[in-house]
Structure formats: C-alpha cells, structure tokens
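Working notes, beginning with the structure itself.
Number of protein chains: 2
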Amino acid sequence: MARYKVGLATRRRILEATRLVLGERGLDGTTLKAICQRADIGAGSFYNLFGSKEAAILQVVREAIRAVDPDPAGSGEDSIADLSAAFVKFVTGDPELARIYVQIAVSGGLTDDRLRERVLAHHERRVYRFTDALQRERPDLAPGEARVEAQRLIAALTGLVLYWLLDPSQPFEELAEGLVERLRPDRA
Amino acid sequence: MARYKVGLATRRRILEATRLVLGERGLDGTTLKAICQRADIGAGSFYNLFGSKEAAILQVVREAIRAVDPDPAGSGEDSIADLSAAFVKFVTGDPELARIYVQIAVSGGLTDDRLRERVLAHHERRVYRFTDALQRERPDLAPGEARVEAQRLIAALTGLVLYWLLDPSQPFEELAEGLVERLRPDRA
DNA sequence: GACGAGTTGGAGCGGGCGCTCAAACTTTAC
DNA sequence: GTAAAGTTTGAGCGCCCGCTCCAACTCGTC
Chain A
161 MARYKVGLAT
171 RRRILEATRL
181 VLGERGLDGT
191 TLKAICQRAD
201 IGAGSFYNLF
211 GSKEAAILQV
221 VREAIRAVDP
231 DPAGSGEDSI
241 ADLSAAFVKF
251 VTGDPELARI
261 YVQIAVSGGL
271 TDDRLRERVL
281 AHHERRVYRF
291 TDALQRERPD
301 LAPGEARVEA
311 QRLIAALTGL
321 VLYWLLDPSQ
331 PFEELAEGLV
341 ERLRPDRA
Chain B
161 MARYKVGLAT
171 RRRILEATRL
181 VLGERGLDGT
191 TLKAICQRAD
201 IGAGSFYNLF
211 GSKEAAILQV
221 VREAIRAVDP
231 DPAGSGEDSI
241 ADLSAAFVKF
251 VTGDPELARI
261 YVQIAVSGGL
271 TDDRLRERVL
281 AHHERRVYRF
291 TDALQRERPD
301 LAPGEARVEA
311 QRLIAALTGL
321 VLYWLLDPSQ
331 PFEELAEGLV
341 ERLRPDRA
C-alpha cells in the first residue's frame with residue numbers, strides 16, 4: 161500500500177504506537193483512537209496503510225512471537241541454558257513486547273480460536289526445541305521424560321514472566337536461572 | 161436487594177451465567193447482553209439485583225480466587241504435596257472457574273490496577289503458604305531458598321494450567337505431580 | 001382479595017467503537 | 001512545471017456497549 165517514503169514512515173509509526181498501546185492496555189483496550197492518537201495521525205491515514213485494526217495488531221503479535229522464537233527452522237545447537245537465557249534476555253530486554261506476548265497467549269489464546277492456533281503452534285515449536293536440547297545434554301533421560309521436563313521448564317518460565325510483569329520487583333532472572341540448574345548433567 | 165425467593169433465584173442464575181460467559185469469552189467479551197441472554201432475563205432484572213456489570217463480575221472473580229485459596233487464615237498444616245494436589249484438583253474439577261482465574265490474573269492483572277492488587281495479594285498469600293509448608297518439610301533449606309522454590313513451583317503450576325487450558329490434551333496432572341517430586345525431603 | 005413491596009422485560013438513551021469517504025494536500029517521475 | 005499517484009484529515013455512519021426507566025406483573029402478608 162505504501163509507496164512513498166512518507167507512507168512507509170507513517171506505517172512504522174503506526175506499528176510502534178500499536179506496540180505501545182497493546183503493552184499498556186491489552187488486546188481489548190487497544191482501540192483505533194488510542195493507536196491514532198499515539199501515532200499522531202488521523203483514522204484515514206491508518207486505513208490507507210492497513211486494511212483493519214486487526215491487521216496492525218496481528219503484525220505486532222507476529223513480531224512478539226518471532227522475538228521469542230527467532231529461528232523457527234534452527235539447526236538445534238543451543239543448550240537448555242542458552243535457550244532459557246535467550247528467553248530471559250528477551251523478557252527483560254523488551255518488557256513491552258513480553259507483555260504483549262503474555263497477554264496474547266492468555267487473553268487471546270483462551271478466547272480467540274485463530275490466535276489459539278498460533279499460540280499453540282508456537283508453543284509446540286518451543287517444546288520441541290527445548291526437548292531436543294535436553295536430549296543432547298542428558299542422554300540418560302528417556303525421550304518421553306525429556307519432553308515432559310521441557311514442558312515443565314517452559315511452563316515455569318512463562319509463569320515467572322507473568323508474575324514478574326505483575327510485580328517487577330520480583331527477582332525474575334534469579335528465579336529463572338534456578339530452573340535450569342536442576343536439569344544440568346551433573347545433577348543426573 | 162433481592163427479598164423474595166424469585167429474586168434470589170434470579171440472582172443465582174445471573175451469577176451462573178456470568179461465570180459461564182467469563183470462562184468462554186474472557187473479561188472484555190463478557191457483555192451485559194451475553195449475560196442476560198444466558199440467564200434468560202431482561203436487562204432491567206439484572207440492574208434490579210446488581211448495581212453494575214462490574215459488580216457481578218467481581219463477585220465471580222472473588223469466587224474463583226477463593227476457590228484457589230479456600231482458607232486465607234489457615235493454620236498451616238498442609239504439605240507441599242497437599243497444596244499442590246488441591247490446586248490440581250481445583251483446576252481439573254472446575255475448569256470454568258480455572259479459566260476465569262487465569263484470565264483475570266493475566267488480562268485483568270496486567271491492565272487494571274485494582275485487579276492487579278487483588279491478584280498480587282492472592283499470589284503473595286499463596287507464596288507464603290507454600291513457603292511455610294516447604295520449610296516444615298525441608299528444614300535443610302535456607303528460609304530464602306524455600307521462598308524462592310515456592311515461587312518457582314507456583315509459577316510452574318500456573319504456566320501448566322495456562323497451557324492445559326489452551327490444549328486440554330496435555331497431561332496436566334502428570335506434569336504437575338512431577339514438579340512436587342523434586343522438592344521431596346528424600347531428594348535433598 | 002386487597003395491597004404494598006419486589007420483580008420483570010425491553011424500548012431507548014448517550015456514548016464509544018471500527019471504519020468510510022471526499023476533498024485538500026504532498027510526493028515523485030518526466 | 002505538470003500531472004498522476006499517493007497520503008492526510010476529520011466529520012460522520014451504523015453498530016453495539018452499559019445502563020435507565022416504567023408500565024405490567026408477581027409475591028408475600030393480613
């Protein structure tokens with residue numbers, strides 16, 4: 161849609177504004193008016209560049225999910241500690257996007273069928289990735305057990321993010337690091 | 161407000177309808193129309209018994225939180241396994257209420273200041289309860305370490321509930337039970 | 001059965017929602 | 001400089017929201 165420089169710049173401003181509003185107000189609080197005020201544009205400009213409010217939101221959601229799982233077709237060289245640390249870094253490094261990620265996973269996933277599919281597909285990839293890493297590090301674990309431990313670890317990390325977003329004074333990084341300790345080879 | 165039997169019965173129907181709609185559609189999807197259709201009443205009847213839509217929702221939210229933490233002033237005789245099993249039982253026994261619990265914690269807690277306070281107060285009580293149980297069972301743990309482990313356990317349980325609600329085919333009970341195993345005295 | 005108190009449905013209010021549209025303006029290519 | 005294509009603004013449309021109001025109706029009491 162955008163073909164001139166100004167249009168592309170406006171497009172970027174809209175996505176940035178959408179990101180901010182989504183983080184602050186959540187999925188349903190993200191109104192067109194809020195986005196347009198934040199981006200300092202009129203409604204007409206928005207619809208010149210996006211087909212609908214949902215389109216802009218989905219674009220931001222895609223970004224958030226990609227930030228958590230940056231390399232969907234990755235070759236699988238990372239350790240559990242790497243994967244976990246990368247997630248912690250994502251969360252602490254871009255809390256706005258982390259907020260969106262958690263809100264989408266829950267309020268979106270539990271009420272919107274299409275979003276649930278996206279969230280579950282993303283979750284499945286993560287479980288696979290973590291399971292793979294765990295099997296490499298801990299050949300002593302049965303394959304089924306590795307997957308189960310991966311699921312537990314991801315659930316715990318997700319829960320910690322939630323409580324940290326609710327109360328940022330919580331020592332999220334320390335809590336998260338302790339989760340990985342337990343899965344180390346020397347604890348087998 | 162309700163003084164005749166019919167009024168009290170209607171009040172119950174409204175709360176039941178609110179519970180169902182909240183679980184299915186989430187906080188923002190719970191419209192007055194949806195509640196009234198579900199309860200098969202007119203809007204006038206609703207406002208004869210509740211001061212606002214929010215009042216009915218808060219009533220249900222209170223129920224959900226109380227279901228997770230049924231005895232806020234409890235004496236502290238439960239073991240970690242008891243506390244964890246009680247939570248698992250709540251979740252599997254009343255998934256509707258569990259849905260509400262998770263949705264409120266996230267979409268409510270992250271966007272509404274008053275709800276966040278409620279959620280955090282509830283969470284703090286739970287952490288205290290779990291920490292207390294863990295200290296009794298595992299005197300070898302430093303007090304700070306017991307609290308940290310309690311936080312990790314609660315976060316993991318919450319995360320597991322989330323993913324189980326997104327995908328009920330997940331073996332939630334098995335995954336949850338494994339979390340407690342690790343904290344047993346004989347693993348010290 | 002008469003009567004006050006409580007309960008009921010639903011039309012309709014003010015307001016915010018996502019979105020449209022046309023006229024004015026800006027950018028770009030020649 | 002010209003003109004086609006792209007961009008912008010903001011009033012306003014239709015819709016649904018939470019909520020009000022009141023005439024009609026039931027309930028409980030005597």
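Here the protein sequences come in this chain order: A and B. Quick note: the first sequence uses the working numbering, first residue 161, plus one each step. Quick note: the second sequence uses the working numbering, first residue 161, plus one each step. No residue lacks a Cβ here, since even glycine has one placed at the ideal position from N, Cα and C. Since we're looking at a predicted model, the values are computed, not measured.
Interface flag, residue i vs chain B, CB-CB below 8 Å
i         : result
A:Ala-227 : no
A:Thr-318 : yes
A:Arg-286 : no
A:Gln-311 : yes
A:Ala-315 : yes
A:Tyr-207 : no
A:Gln-295 : no
A:Thr-271 : yes
A:Gln-263 : yes
A:Leu-280 : yes
A:Tyr-323 : yes
A:Arg-289 : no
A:Arg-171 : no
A:Leu-335 : yes
A:Arg-259 : yes
C-alpha distance - residue i paired with residue j, whole-angstrom precision
i         : j         : result
A:Pro-345 : B:Gly-211 : 59 Å
B:Arg-226 : B:Phe-250 : 11 Å
A:Val-308 : B:Leu-335 : 7 Å
B:Gly-319 : A:Arg-289 : 18 Å
A:Asp-300 : A:Ala-310 : 15 Å
A:Ala-203 : B:Asp-188 : 23 Å
A:Ala-194 : A:Leu-180 : 10 Å
A:Ala-246 : A:Arg-285 : 15 Å
A:Ala-306 : A:Leu-313 : 10 Å
A:Gln-295 : A:Thr-271 : 34 Å
B:Leu-243 : B:Ala-177 : 30 Å
A:Ile-217 : A:Thr-190 : 9 Å
B:Val-248 : B:Val-287 : 16 Å
A:Ile-264 : A:Leu-275 : 8 Å
B:Leu-182 : B:Ile-260 : 6 Å
A:Ile-240 : A:Pro-230 : 16 Å
B:Ala-302 : A:Glu-256 : 35 Å
A:Glu-341 : B:Glu-337 : 19 Å
A:Gln-219 : A:Asp-254 : 17 Å
B:Val-262 : A:Val-266 : 8 Å
B:Gly-236 : A:Phe-332 : 27 Å
A:Gly-167 : A:Ala-258 : 28 Å
A:Leu-317 : B:Asp-238 : 26 Å
B:Leu-343 : A:Tyr-323 : 21 Å
B:Val-221 : B:Ala-293 : 26 Å
A:Arg-172 : A:Val-228 : 21 Å
Simplified DSSP assignment, three categories, for residue i
i         : result
A:Ser-244 : helix
B:Asp-201 : Looking at the sequence itself, residue 201 of chain B is Ile, so the reference to Asp does not match. If DSSP states are grouped into helix, strand and coil, B:Ile-201 belongs with coil.
B:Leu-218 : helix
B:Phe-210 : coil
A:Gly-234 : coil
A:Pro-345 : helix
B:Gln-295 : helix
B:Gln-330 : coil
B:Tyr-164 : coil
B:Asp-254 : coil
A:Asp-188 : helix
A:Ser-239 : coil
B:Leu-301 : coil
A:Asp-273 : helix
Any chain A beta carbon closer than 8 Å to residue i
i         : result
B:Asp-188 : yes
B:His-283 : yes
B:Val-340 : no
B:Arg-298 : no
B:Thr-178 : no
B:Val-248 : no
B:Asp-327 : yes
B:Ser-267 : yes
B:Arg-159 : The question about residue 159 of chain B has no answer, for chain B in this structure spans 161 to 348.
B:Val-181 : no
B:Val-308 : yes
B:Val-274 : Note that residue 274 of chain B is Arg in the sequence shown, not Val. So no, B:Arg-274 is outside the interface.
B:Arg-198 : no
Any non-hydrogen atom of the ligand PLP within 7 Å of residue i CB
i         : result
A:Asp-200 : This structure does not include the ligand PLP; it has no bound ligands of any sort.
**Message:** When you compare the stretch 278-288 of chain A with the stretch 319-334 of chain B, are there three or more beta-carbon pairs, one atom per stretch, that lie closer than 8 Å?
**Reply:** yes
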